[in-house]
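Written below as structure tokens is the structure these notes are about.
Residue numbers (full-length UniProt numbering), protein chains in the order written: chain A, 1 to 558; chain B, 1 to 558.
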């Protein structure tokens with residue numbers, strides 16, 4: 001597993017980070033007092049509440065997303081229902097295919113996600129260098145090490161029978177108790193309910209937001225682990241960008257052409273390679289590693305978004321889905337993965353869903369879901385200029401008469417300029433039979449869908465921006481971009497430490513002295529120095545700090 | 001039913017309003033192409049998608065809510081899970097009591113909400129003035145008219161057996177087919193599912209957001225009607241304001257003391273009265289019609305919020321819940337109701353939930369959920385000033401020794417200033433047995449909960465601000481406060497009409513002339529006049545329009 005370091009280079013100790021996040025209520029498990037209660041038989045795993053700071057950070061990320069995509073790309077935002085009739089999800093393929101493979105452990109009756117089981121056991125064997133945890137177990141041979149690494153590099157590409165074969169051949173057992181695991185079976189991951197008083201009409205919680213842009217989606221994970229990174233209810237931001245199937249160029253492609261992407265394509269993964277290669281968007285579209293301009297455009301835009309909110313460019317990679325791993329609706333898919341202490345985590349998926357969804361829903365409902373494109377200007381109707389505003393009404397009247405009776409009766413029209421007679425020129429009354437030529441082309445548009453897991457991005461960002469002051473691991477610093485008004489009664493030293501934890505980059509202290517002489521105190525996070533009486537300035541902090549004397553008096557005790 | 005007029009006084013024709021809202025996709029029924037499909041057996045009633053304009057308006061209302069409450073009241077915002085273990089909702093009372101009464105119609109097997117059935121039939125009889133729709137039916141007598149009105153005024157206050165008695169005695173039948181209705185039975189309104197792979201662990205969709213502040217909640221309505229006003233999935237904004245049970249005063253009460261509230265208390269309703277009385281917040285709290293200052297404060301703040309977003313003060317009233325109508329957790333509750341073409345609709349509920357929730361969850365889990373209030377400063381510990389930073393460690397060490405061994409051994413301490421010896425004064429070592437007095441008071445706080453149905457507010461607002469130009473009902477105008485960038489290729493006349501529909505109060509036209517000579521054209525919605533070359537100005541539109549000449553040239557055609 002890739003190792004994770006903090007912003008100032010030391011190894012990330014997740015327990016230290018959690019010790020900062022938990023008491024500040026960034027997020028917490030739901031209904032914890034119930035889970036701790038001896039009578040509780042429910043399951044609260046994979047469900048989290050966001051506290052004040054978590055909510056504020058989540059709001060900031062969603063705001064940044066709206067500015068970067070909805071506003072800058074001029075998208076139209078919709079807000080759609082979570083409850084979805086099962087019929088719709090049968091058509092979309094989710095009833096049959098939105099499933100993970102699980103193995104029952106017959107000894108204890110629990111269920112294990114099959115790919116995670118194989119992954120965990122092989123990673124343990126590799127980390128021990130042994131076949132088992134005991135010192136007497138034989139060493140792993142070079143062939144086994146090579147095979148295990150190869151399996152792990154393409155773990156997402158195995159189907160049920162293949163995972164079953166690995167479990168039997170490599171004698172993979174439940175790490176909790178060493179019991180055998182049954183062969184993998186699919187488990188549908190949608191939450192199901194019924195709607196209406198008859199309790200006979202099935203409805204599901206949507207497994208993705210799709211046409212809605214920011215909202216909750218649901219996945220009944222078999223066995224959630226990894227905190228915010230694998231949850232059963234999550235906030236998603238999704239884009240549906242429709243394109244012509246035969247023309248997937250993008251008008252703004254040149255804007256992202258030079259954005260650098262660290263890429264891991266499917267051929268590399270199948271060859272057991274896990275080192276990404278950095279190429280520009282222009283290069284990967286030209287070489288067809290990424291299929292088309294629009295998909296490439298969005299990979300570039302996703303990269304720019306991640307950098308904008310503070311993701312470390314060295315801790316992001318774009319990994320292409322392997323063929324068996326791809327969702328049933330996708331024809332190409334790239335995940336933006338972020339490095340965390342849990343390894344590389346899929347945070348944004350960019351799928352080319354082709355015309356899959358529109359085609360299946362159109363077929364089931366009998367409703368055309370197509371674009372009609374005018375190929376050329378329709379032939380202009382020849383009208384007498386003297387009719388002016390009456391031309392259309394006259395023409396309609398003549399055409400209707402002709403269609404309905406096969407003849408035209410010319411009454412004296414009352415025209416809008418008051419005149420009651422008009423001389424009809426011969427071109428108005430020329431009647432001929434013509435073959436109509438359709439000047440439109442109909443097609444089902446394809447859709448490129450970038451989909452953002454907000455909670456995963458949020459947690460990865462917290463890990464990536466966390467650092468602590470050298471020699472004082474308890475004094476954590478992050479940057480979350482909050483306006484934080486701390487009017488508590490704690491000592492000023494405690495309040496400075498707390499604002500370090502919140503990531504406040506610049507503290508403005510207003511106290512009794514402000515009332516007396518109008519002075520304020522500024523404290524800059526990274527240098528830990530304070531200054532008094534600093535007005536608005538365009539100087540940098542370095543320039544300012546050279547000009548001013550640090551304030552070392554009252555209120556600096558810890 | 002109260003009649004509904006538009007802003008310029010004409011009767012509101014809902015079909016005209018809908019003809020504006022539907023093509024603009026303010027909102028639409030979900031999966032409409034499925035509902036229209038002959039094969040579809042699902043149920044999409046009570047579920048709506050918001051389109052571009054609906055989403056924008058909803059976002060604006062939620063933003064206004066956050067500014068008015070979260071920011072101005074300095075609230076802490078949380079974002080919590082929708083999925084809730086059934087165990088928790090058993091404790092909260094929702095499994096047993098969150099139910100509506102329904103009657104099965106045995107003829108067709110359908111389910112009818114019992115109070116709506118009685119309400120619909122009695123309203124029909126009153127509107128006909130007859131016992132039935134036929135002209136030969138006997139006229140309603142004065143006694144029946146009086147009784148029906150009395151029943152309708154307190155329809156929310158009947159329990160199951162009472163509604164059953166009314167249905168039998170007044171021979172109330174299913175309006176669809178005139179079949180009999182069975183006696184009312186309760187139907188629980190929560191959507192239920194299971195969590196995890198065993199499919200044996202029950203979980204529900206939350207029926208209210210409670211501790212979360214803005215989010216979706218769910219209610220499996222028996223038979224949704226009235227569009228956005230009765231839905232199964234809805235956006236809610238909720239506040240939990242905790243107060244001392246014996247002191248429900250509010251520090252900012254004076255700020256809302258003079259806000260006028262149109263009130264309909266429970267005594268009036270039980271007496272069959274439906275005319276509200278307008279009193280100030282100060283008056284109703286003083287006279288105890290509203291129980292306490294904090295509840296009164298929030299009624300005032302709710303009124304100010306509704307006025308701020310554009311609700312007509314003549315189309316809002318505050319109705320107190322009758323005793324049988326009140327939710328199981330509430331001890332007093334007032335609804336802000338808005339007038340719509342469907343009648344008066346509950347849009348904001350303000351409940352005093354007392355200590356109900358904290359008490360039941362604390363009891364079930366064995367977790368104290370109390371406030372500990374310091375009644376006086378604890379006695380300061382007497383320490384030797386020479387110990388400085390070591391005082392606390394010394395004191396802890398001495399106290400621990402004394403507790404664990406009953407004796408104190410004095411070792412030579414190494415103090416932080418480097419000295420290794422210290423003379424202990426007698427007051428440090430004075431050992432005595434004392435009775436400890438607790439200086440704290442513990443109590444379970446009460447909670448006042450204003451709860452806002454965003455979709456209902458949004459729809460009521462659309463009805464209340466809708467009007468159309470005299471003599472041109474097709475040209476609708478609303479105000480939704482949007483920044484609307486219309487860069488389409490439609491003619492300028494069409495674009496002006498479209499922006500009327502969107503409610504754009506002031507149009508700024510940038511066209512080829514702008515490129516040529518820098519001029520822009522302004523168009524003001526309500527006067528329908530255009531002006532060119534208007535710079536930023538603090539003059540009113542009336543002043544400006546006197547100074548400038550209307551632009552009547554190019555592009556004014558419809």
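Every residue gets a Cβ at the ideal spot worked out from N, C-alpha and C, and that includes glycine.
Just so it is clear, the structure is predicted and the values come from calculations on it, not from any experiment.
message: Suppose the cutoff is 6 Å on Cβ atoms and the five residues either side in sequence are ignored; what does the same chain contact list for residue 290 of chain A look like?
response: 284, 296
task: Whole angstroms is fine: what's the gap from residue 125 of chain A's alpha carbon to residue 53 of chain A's?
output: 39 Å
query: Can a CB atom of chain B be found closer than 8 Å to the CB of residue 196 of chain A?
result: yes
query: Ordered along the chain, which non-local residues of its own chain (more than five positions away) have a Cβ less than 7 Å from that of residue 272 of chain A?
result: 149, 150, 153
task: Mind checking which residues open and close the alpha helix (DSSP H) that includes residue 283 of chain A?
output: 281 to 286
field: Neighbouring residues, chain B, relative to residue 41 of chain A (Cβ below 8 Å)
entry: 87, 201
query: Around the Cβ of residue 331 of chain B, are there at least 16 other Cβ atoms within 10 angstroms (buried) or fewer (exposed)?
result: exposed
message: Runs of 4 residues minimum, wholly inside the stretch 5 to 51 of chain B: which ones carry the alpha helix (DSSP H) assignment?
response: 14 to 21, 32 to 35
- prompt: So, is residue 319 of chain A buried or exposed, given that buried needs 16 or more other C-beta atoms within 10 angstroms?
  reply: buried
task: Would you grab the beta carbon distance between residue 68 of chain A and residue 308 of chain A for me? Rounded to a whole angstrom, and I think it's under 8 Å.
output: 6 Å
field: At least three beta-carbon pairs within less than 8 Å, the stretch 442 to 454 of chain B to the stretch 240 to 249 of chain B
entry: yes
- prompt: Got a sec? Which residues, its chain only, sit under 7 Å from residue 45 of chain B by beta carbon, not counting five neighbours each side?
  reply: 224
- prompt: Just checking, does the stretch 172 to 181 of chain A make contact with the stretch 15 to 32 of chain B on the three C-beta pairs under 8 Å criterion?
  reply: no
message: Quick check on residue 158 of chain B: does DSSP put it in helix, strand or coil?
response: coil
Collapsed DSSP secondary structure at residue 453 of chain A in the structure displayed: strand
- request: Determine, using beta carbons only, whether residue 30 of chain A comes closer than 8 Å to chain B.
  value: yes
- prompt: With DSSP run on the structure shown, which of helix, strand or coil describes residue 325 of chain A?
  reply: coil
task: Between the Cα of residue 42 of chain A and those of A:442, A:49, A:31, spot the shortest distance and give me the residue it belongs to.
output: A:31
message: Please return the same chain residues whose Cβ sits closer than 7 Å to the Cβ of residue 155 of chain A, not counting the five positions on each side in sequence.
response: 115, 118, 119
- prompt: Can you name, in chain order, every residue of its own chain whose Cβ lies under 8 Å from the Cβ of residue 28 of chain A, other than the five neighbours on each side?
  reply: 22, 48, 49, 51
- request: Identify the continuous alpha helix (DSSP H) that holds residue 349 of chain A and give its terminal residues.
  value: No alpha helix (DSSP H) contains residue 349 of chain A, which is instead part of the beta strand (DSSP E) from 343 to 352.
message: According to DSSP, simplified to helix, strand and coil, what is residue 179 of chain B?
response: coil
- request: Count the CB pairs spanning the stretch 105 to 112 of chain A and the stretch 327 to 342 of chain A that are closer than 8 Å, and state whether there are at least three.
  value: no
Beta-carbon proximity list for residue 58 of chain B, same chain, < 8 Å, skipping 5 on both sides: 50, 235, 454, 455, 458
message: Rounded to the nearest angstrom, what separates residue 226 of chain B and residue 342 of chain B at their Cα positions?
response: 7 Å
- request: Give the residues of chain B in contact with residue 232 of chain A, contact being defined as C-beta atoms less than 8 Å apart.
  value: 83, 195
message: Suppose contacts are defined by Cβ-Cβ distances below 8 Å. Is residue 281 of chain A in contact with residue 299 of chain A by that definition?
response: yes
query: Anyone know if the C-beta pair for residue 277 of chain B and residue 78 of chain B falls short of 8 Å?
result: no
task: Quickly, what does DSSP pair residue 334 of chain B with across the bridge? List them, please.
output: B:320, B:350
query: At a CB-CB cut-off below 7 Å, which residues of chain C make contact with residue 102 of chain B?
result: Annotation note: the requested chain C is absent from the structure, which comprises protein chains A and B.
query: Can you tell me whether DSSP reads residue 171 of chain B as helix, strand or coil?
result: coil
message: To the nearest angstrom, how far is the alpha carbon of residue 327 of chain A from that of residue 266 of chain A?
response: 15 Å
- request: Kindly indicate which residue of B:216, B:40, B:229, B:462 has the alpha-carbon position closest to the one of residue 81 of chain A.
  value: B:216
message: Nearest by alpha-carbon distance to residue 89 of chain A: which of A:373, A:189, A:230, A:5 is it?
response: A:189
- prompt: Do you know how far the Cα of residue 230 of chain A is from the Cα of residue 462 of chain A?
  reply: 16 Å
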